[in-house]
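If you use my numbering, the sequence shown corresponds to residues 518 to 766, in order. Just so you know, even glycine gets a beta-carbon here, dropped at the ideal spot from N, CA and C. Keep in mind it's a predicted model, so treat the numbers as computed, not measured.
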Amino acid sequence: VNSEKEYNYKDFNLDSAIEIALKNNRTIKNANTSVDKAEAAVWQARTAASTKVTAEVTQTKLEDGQQRGIKNATIDDINGSHIKLTQPIYLGQADRAGITSARLGRDIAKASRTLTKQNIVMAVSRAYYNWLYAREVENVGKMDLDLAQAHYDLVNKRFQAEQTSKYELLRADVRLAQYKSSYLSNKNDALMAKLSLLKLLSLPMDTKLDTTAKLEIENIEANVEEDLKNAIDLREDLKISRARKKIAD
Numbered sequence: 518v519n520s521e522k523e524y525n526y527k528d529f530n531l532d533s534a535i536e537i538a539l540k541n542n543r544t545i546k547n548a549n550t551s552v553d554k555a556e557a558a559v560w561q562a563r564t565a566a567s568t569k570v571t572a573e574v575t576q577t578k579l580e581d582g583q584q585r586g587i588k589n590a591t592i593d594d595i596n597g598s599h600i601k602l603t604q605p606i607y608l609g610q611a612d613r614a615g616i617t618s619a620r621l622g623r624d625i626a627k628a629s630r631t632l633t634k635q636n637i638v639m640a641v642s643r644a645y646y647n648w649l650y651a652r653e654v655e656n657v658g659k660m661d662l663d664l665a666q667a668h669y670d671l672v673n674k675r676f677q678a679e680q681t682s683k684y685e686l687l688r689a690d691v692r693l694a695q696y697k698s699s700y701l702s703n704k705n706d707a708l709m710a711k712l713s714l715l716k717l718l719s720l721p722m723d724t725k726l727d728t729t730a731k732l733e734i735e736n737i738e739a740n741v742e743e744d745l746k747n748a749i750d751l752r753e754d755l756k757i758s759r760a761r762k763k764i765a766d
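Right, dumping it as structure tokens:
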């Protein structure tokens with residue numbers, strides 16, 4: 518059974534783009550690994566004050582006639598094993614400091630993962646909207662080109678009927694050439710925007726991508742004081758800095 522989710526690339530939306538990026542992006546996978554390592558570091562720090570058990574087994578093989586070095590030694594003396602128990606008595610609170618640092622390190626790893634995800638969402642959103650914008654510019658360029666072509670055809674017919682001058686025909690021809698060049702540039706920009714989005718999503722460059730989404734204007738009421746407070750409380754990079762300061766303390 519194929520568990521991979523099917524996405525509608527013929528009408529590709531921003532939610533799908535973000536979902537694919539969060540699933541496939543290698544930076545996020547690395548961040549997940551860092552969180553797992555930080556979790557393991559916490560468990561390792563907890564063992565600083567615990568009893569440690571070590572075991573050792575030795576075996577010595579002696580050739581026939583070789584002196585064993587121990588008087589009246591027997592074959593049983595060749596093998597040996599022992600178990601060693603170690604219990605720290607006083608660590609000067611180094612164990613507590615180690616656990617606290619490990620926990621703060623885990624918080625940093627989790628905050629870094631969240632920050633990575635936020636950066637990916639921002640990058641994908643910008644790439645997606647750049648793609649939509651480039652498509653809109655391409656469509657406008659196509660309309661301008663069609664108008665320039667229609668204008669040239671009209672002026673050419675009037676020129677053939679000796680109703681306008683050669684100068685007007687040349688002006689229409691130059692205008693048509695300019696719009697052709699501009700439209701070609703717009704098409705290339707739209708293609709590059711799509712390729713940039715596909716690269717960010719780790720999708721094949723030949724993926725056929727289309728959408729019915731359109732750019733819309735959204736009015737946002739800004740509250741500077743509230744936004745600043747939320748930024749100080751919620752920004753992951755500030756959380757990381759505060760955690761690092763605690764580790765240093």
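Contact under 8 Å by Cβ, residue i with residue j
i, j, result
"D706", "A665", "no"
"S618", "I764", "yes"
"L726", "Y700", "no"
"V641", "A748", "no"
"Y645", "L755", "no"
"I637", "N542", "yes"
"A626", "V559", "no"
Continuous alpha helix (DSSP H) stretch holding residue i: start and end
i, result
"E743", "V741 to L751"
"I616", "A611 to Q677"
"N705", "K683 to L717"
"V727", "This sequence places Asp at residue 727; Val is not what is there. Here D727 belongs to no alpha helix (DSSP H), and DSSP marks it neither H nor E."
"L531", "L531 to N541"
Span of the beta strand (DSSP E) around residue i
i, result
"E573", "K569 to Q576"
Outcome for residue i when other beta-carbon atoms lying within 10 angstroms are tallied against a minimum of 16
i, result
"R623", "buried"
"A534", "buried"
"I600", "exposed"
"A548", "buried"
"A557", "exposed"
"L732", "exposed"
Nearest-angstrom Cα separation, counted from residue j out to residue i
i, j, result
"K522", "S702", "35 Å"
"Q695", "A730", "29 Å"
"Q576", "S598", "9 Å"
"V570", "K546", "35 Å"
"N673", "N656", "25 Å"
"N525", "T728", "9 Å"
"T603", "D744", "54 Å"
"D612", "T631", "29 Å"
"G609", "R563", "15 Å"
"Q680", "L671", "11 Å"
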